[in-house]
Amino acid sequence: MRIAVICTDKPGHLELRKANRDAHVAYLKASPVEQAGPFLDANGDMYGSLIILEAEDMAAAKAWAADDPYAKAGLFSDVRLEIWNKVI
């Protein structure tokens with residue numbers, strides 16, 4: 006199943022995001038991720054993430070999200086996981 010992982014950074018944590026970005030991107034590349042990218046604010050600064058993950062079930066998706074280097078670094082104020090249906 007496809008899961009949308011929707012993450013919002015804690016305010017003022019851009020430097021923490023940048024410091025962990027290489028590990029996060031490597032984790033994405035080694036995972037069953039179909040699409041991924043950051044949300045950008047009006048200044049073009051990253052402040053969150055949207056990831057479309059292929060997972061066996063919601064429990065596997067939750068475990069995957071918890072192992073994300075960004076999550077382990079404490080970057081996110083909020084993480085939502087939603088079953089997602091690709092139409093286009």
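Under my numbering, the residue at position 12 of the sequence shown is numbered 17, and the numbers go up by one with no gaps. Positions of the beta carbon are idealized from the N, C-alpha and C atoms, including for glycine. This one's a predicted model, so the numbers in the text were calculated from it and none came from an experiment.
In whole angstroms, what separates the C-alpha of residue i from that of residue j?
i     : j     : result
Val92 : Lys15 : 31 Å
Leu21 : Asp73 : 14 Å
Ala64 : Thr13 : 20 Å
Tyr32 : Arg7  : 18 Å
Ser82 : Asn90 : 25 Å
Val84 : Glu39 : 18 Å
Gly49 : Gly42 : 13 Å
Lys23 : Ile88 : 28 Å
Asp27 : Lys34 : 11 Å
Ala66 : Ile11 : 12 Å
Identify which residue in the options has its Cα closest to the Cα of residue i.
i     : options                       : result
Leu19 : Leu55, Met6 and Leu45         : Leu45
Asn25 : Glu61, Met51 and Asp62        : Met51
Pro37 : Tyr75, Val84, Ala60 and Gly49 : Ala60
Leu86 : Tyr75, Lys77 and Ile57        : Ile57
Taking the Cβ atom as the reference point for each residue, do residue i and residue j lie within a distance shorter than 8 Å?
i     : j     : result
Ala9  : Leu80 : no
Ala76 : Ala70 : yes
Going by DSSP, what residues sit across from residue i in a beta bridge?
i     : result
Ile8  : Leu58 and Ile88
Gly53 : Thr13 and Phe44
Val38 : Leu58
Can you check whether the C-beta of residue i is within less than 8 Å of a C-beta belonging to chain D?
i     : result
Ser36 : Absent here is chain D; the protein component of the structure consists of one chain.
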